[in-house]
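Protein sequences, first through last, are from chains A and B. The first sequence begins at 924 in the working numbering and counts up one residue at a time. The second sequence begins at 924 in the working numbering and counts up one residue at a time. Each residue gets a CB set at the ideal place from its N, CA and C atoms; glycine is no exception. Nothing here was measured: the structure is a model prediction, and the numbers come from that model. Working notes, beginning with the structure itself.
Number of protein chains: 2
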Amino acid sequence: MPVNLAAPARASLAAVSGVRIGVAMAGVRKANRKDLVVMVLDEGAAVAGVFTQNRFCAAPVQLCREHLAAQRGIRALLINTGNANAGTGADGVARARQTCAALARHLGLDEQQVLPFSTGVIMETLPVERIVAGLPAAVAALAPDRWLESAEGIMTTDTLPKAASRQVTIGGRTVTVTGIAKGAGMIRPNMATMLGFVATDAVIDPALMQTLVREAADQSFNRITIDGDTSTNDSFVLIATQRAGHAPITQLESADGAALREAVFAVSRQLAQAIVRDGEGATKFITVRVDGGRTKQECRLAAYAIAHSPLVKTAFFASDPNLGRILAAVGYAGIDDLDQGLIDLFLDDVHVVVRGGRHPAYQEADGQRVMKQSEITVRVDLHRGPAHATVWTCDLSHDYVSINADYRS
Amino acid sequence: MPVNLAAPARASLAAVSGVRIGVAMAGVRKANRKDLVVMVLDEGAAVAGVFTQNRFCAAPVQLCREHLAAQRGIRALLINTGNANAGTGADGVARARQTCAALARHLGLDEQQVLPFSTGVIMETLPVERIVAGLPAAVAALAPDRWLESAEGIMTTDTLPKAASRQVTIGGRTVTVTGIAKGAGMIRPNMATMLGFVATDAVIDPALMQTLVREAADQSFNRITIDGDTSTNDSFVLIATQRAGHAPITQLESADGAALREAVFAVSRQLAQAIVRDGEGATKFITVRVDGGRTKQECRLAAYAIAHSPLVKTAFFASDPNLGRILAAVGYAGIDDLDQGLIDLFLDDVHVVVRGGRHPAYQEADGQRVMKQSEITVRVDLHRGPAHATVWTCDLSHDYVSINADYRS
Chain A
924 MPVNLAAPAR ASLAAVSGVR IGVAMAGVRK ANRKDLVVMV LDEGAAVAGV FTQNRFCAAP
984 VQLCREHLAA QRGIRALLIN TGNANAGTGA DGVARARQTC AALARHLGLD EQQVLPFSTG
1044 VIMETLPVER IVAGLPAAVA ALAPDRWLES AEGIMTTDTL PKAASRQVTI GGRTVTVTGI
1104 AKGAGMIRPN MATMLGFVAT DAVIDPALMQ TLVREAADQS FNRITIDGDT STNDSFVLIA
1164 TQRAGHAPIT QLESADGAAL REAVFAVSRQ LAQAIVRDGE GATKFITVRV DGGRTKQECR
1224 LAAYAIAHSP LVKTAFFASD PNLGRILAAV GYAGIDDLDQ GLIDLFLDDV HVVVRGGRHP
1284 AYQEADGQRV MKQSEITVRV DLHRGPAHAT VWTCDLSHDY VSINADYRS
Chain B
924 MPVNLAAPAR ASLAAVSGVR IGVAMAGVRK ANRKDLVVMV LDEGAAVAGV FTQNRFCAAP
984 VQLCREHLAA QRGIRALLIN TGNANAGTGA DGVARARQTC AALARHLGLD EQQVLPFSTG
1044 VIMETLPVER IVAGLPAAVA ALAPDRWLES AEGIMTTDTL PKAASRQVTI GGRTVTVTGI
1104 AKGAGMIRPN MATMLGFVAT DAVIDPALMQ TLVREAADQS FNRITIDGDT STNDSFVLIA
1164 TQRAGHAPIT QLESADGAAL REAVFAVSRQ LAQAIVRDGE GATKFITVRV DGGRTKQECR
1224 LAAYAIAHSP LVKTAFFASD PNLGRILAAV GYAGIDDLDQ GLIDLFLDDV HVVVRGGRHP
1284 AYQEADGQRV MKQSEITVRV DLHRGPAHAT VWTCDLSHDY VSINADYRS
């Protein structure tokens, strides 16, 4: 059961001028489910992406990097679920290439103008023939208003489609930012998540795109974790179709640049949080904020230690204020010279720990009250510097075990 | 249900000359359970310990370090369950000191000659008065043959007591090594585990003890993980009572030193593996071996990434050969220049992955056969150097969630 998350309303998802989407059922792994998404971009779109840091990166991730580096102008994205095409060696790369070539033929493009994405089971052979056979239906369905279908078409163990949209005014023109993402498990993105796509019709210097996509990932997908497992296929792509008609954005620090950046961040953050809200077996949405670190990096170490601890996560699932587990996680996070005698811990507004020990006024009933909520903020103050960091996560429930014990059956 | 583990037979646990043990029910947290252990050492025993690297180390760990550093000659160990006395600030240290002083009075010792150990819930106030009230019964019960009772007396969520014993001949004399440990959850020892005690009557230069206890920890407790949560209270203590009557061991590299070392390692390893076999909710015992690394450190990174992955652990629970999850864990382990195209993966005798892709001869039925076993060896070969490392772990089951969601209730 997702935590305070509903399927997006179709009307809330604004089309992005210059982007058309087609979805089909290709039977990649199972019949009768939307598992193939084609996204076609008008000529002139700027595209940038960030990809998994997993050294066992999937074949499509390798091809995405190669095709972006070729700088032929990306014109299409091809996404399949049901098979991750990871752990498949050289054969997997060859198969991903065949699917790009097939879509390129349909659209009159070069195969290097197609970015491929796969998600699903690892170490299975990609059924190229099924994907190729599904392409005509996807291409025939191409239309600008298919964002909701595309969000459905990239789901695996997700229980709800994830999509978000914002509009801002830049240079007197309405600029749209719309995106989709999928997640659910093997989620501890490192650079990006298991498939996120955000498109805007903003007019922006393509040289700024890589910075913008990195910053957006860093504010969103790189701040979430469900199980600490960094996927082999994480990919986050930002598209700017340059169609909105305003004067080009040439600096992200300008007023227009800042407006676009905020809209891209907001959409990315909403998508990232939606992934956590729909995390496998999640019953609670947890914000972990660590203040008072010397560096952002050490704040992240502590925040991720809390967010990954199975003991902390099962305590949240049980609504049990067994909060010493949070202190233990901070203690083993890897901050070598940490002084436990300085640490404060808050659960929402409840001050639980002061100077490393239980706060004299802390009552278990207060902790219990917060732990029963479906949205909880854990705040730790290290009191050793000015840096802070935030991570979003969920609890660890029986359903997580069930889902991952049954995933392939 | 522990994995291929039974309670040790009383007769299998040889007494160690110079060590007497008394166990009592002090009602620290719950009534009618053995929760207080006193271990008294004859004068002249050499004692060394290694303790948690968790920066939120418990009050008793702080006192152990202080009392060992004082070099007054350790004569007694005082162990309670039901309360970890961690996350308790300066008050926790004062309370641990009061318990040491009380036992010292009973035995005519200085409080610095007592080492305190606590295990149980974090961030609760230590009930000193109950522990002090329980001491007379424990002291009255002191006897050399109470190793099994002491193993029972340090259990928390353990389902079985853990104890092991070996005898070796050194200089024509029988030398005994006997030890106890407890574990179950919050287990990813870093220097030592959540309470392990090994005693021998060997005659050994006290200057060698710290090296020996470190090496033993490194071969045993530091190679196991259940949930990746490094405890606040991990403590592993080695005692040599110097009573066996052989010529003193002055070098660990001598024949006598090697014989003692092997016996201490064997007892430590058996105790460490017993902790994994009785891991919270464990249904399988998994050995993860990584070969072919450039350094032992990178082999450990990969082995721990596999051993900590919730996705890998739930796949073991389900007996599902979803082995791509193992590749993904190796990929995110943090070996920056890893070449996935070199990697081999074996499940027991089954060659699953060759050069980063599925082995052509691999059949899912073969993977399935191994996954159904209760003891499984995962072997990864990185093919980039001569180093190797082994870690022992267990699977992640529904019972792990249940146990940790219910632990305090």
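- Around the beta carbon of residue 1031/B, a 10 Å sphere encloses fewer than 16 other beta carbons of the protein chains shown; the residue is thus reported as exposed.
- Nearest to residue 1181/A by alpha-carbon distance, out of 1139/A, 1087/A, 997/A, is 1139/A.
- Between residue 979/A and chain B, the shortest Cβ-Cβ separation is below 8 Å.
- In the three-state scheme derived from DSSP, where H, G and I count as helix and E and B as strand, residue 1105/A is classed as coil.
- The shortest C-alpha to C-alpha distance from residue 1086/B to any of 1225/B, 1015/B, 1194/B, 1270/B is the one to 1194/B.
- The Cβ atoms of residue 1022/B and residue 1055/B sit closer than 8 Å to each other.
- Pairwise C-beta distances place the region 930–948 of chain B out of contact with the region 1248–1257 of chain A, as fewer than three of them are shorter than 8 Å.
- Listed in chain order, the positions of the region 1045–1078 of chain B with a beta carbon within less than 9 Å of a beta carbon of chain A are 1045, 1046, 1047, 1048.
- When rounded, the separation of the alpha-carbon atoms in residue 1315/A and residue 1189/B is 43 Å.
- Of the candidates 1012/B, 1208/B, 1292/B, 1262/B, 1292/B places its Cα closest to the Cα of residue 1243/B.
- Interface with chain A (8 Å Cβ-Cβ cutoff): residue 1212/B is excluded.
- Annotation: Cβ neighbours of residue 1327/A in chain B (cutoff 8 Å, chain order): 1233, 1234, 1237, 1238, 1241.
- Contact annotation: residue 1239/B and residue 1299/B have beta-carbon atoms nearer than 8 Å.
- Put simply, the region 1080–1095 of chain B touches the region 1194–1208 of chain B. At least three CB pairs are less than 8 Å apart.
- At a cut-off of 8 Å between beta-carbon atoms, residue 1263/A makes contact with chain B.
- Close to residue 1009/B, with beta-carbon spacing below 9 Å, are these residues of chain A in chain order: 1247, 1250, 1251, 1254.
- Closest option to residue 1136/A, judged by alpha-carbon separation, among 970/A, 992/A, 1045/A, 1268/A: 970/A.
- Annotated as proximal: residue 1091/A and residue 1183/A, with beta-carbon spacing under 8 Å.
- Residue 1069/A places its beta carbon less than 8 Å from that of residue 945/A.
- Remark: C-beta atoms of residue 1201/A and residue 991/A do not approach each other more closely than 8 Å.
- In this structure, residue 1249/A keeps its C-beta atom at 8 Å or more from the C-beta atom of residue 1306/A.
- Within its own chain, the residues whose Cβ lies closer than 8 Å to the Cβ of residue 1290/A, once the five positions on either side in sequence are excluded, are 1244, 1246, 1270, 1273, 1275, listed in chain order.
- The C-alpha of residue 1173/A is placed about 44 Å away from the C-alpha of residue 1052/A.
- From the beta-carbon of residue 1270/A, no residue of chain B is found nearer than 8 Å; the closest lies around 12 Å away.
- Legend: CB atoms of the region 1303–1322 of chain A lying less than 7 Å from CB atoms of chain B belong to residues 1319, 1320, 1321.
- Within chain B, the residues whose beta carbon sits less than 7 Å from that of residue 1155/A are 1251, 1254, listed in sequence order.
- Bridge pairing for residue 962/B: 944/B, 1000/B [DSSP].
- Put simply, of 1213/B, 1241/B, 1088/B, 1208/B the residue whose alpha carbon is nearest the alpha carbon of residue 1185/B is 1088/B.
- With a threshold of 8 Å between beta carbons, residue 1276/A makes contact with chain B.
- Residue state for residue 1055/A is assigned as helix, using DSSP reduced to three classes.
- Annotated as distal: residue 1143/B and residue 974/B, with beta-carbon spacing of 8 Å or more.
- If you draw a straight line from the Cα of residue 1165/B to the Cα of residue 1127/B, it comes to about 7 Å.
- With distances taken between CA atoms, residue 997/A lies nearest to 1129/A out of 1105/A, 1129/A, 1016/A.
- Straight across, the Cα-Cα distance linking residue 1229/B with residue 1323/B is about 18 Å.
- In the three-state reduction of the DSSP assignment, residue 931/A falls in the coil class.
- CA-CA distance, residue 1280/B to residue 1223/B, rounds to 22 Å.
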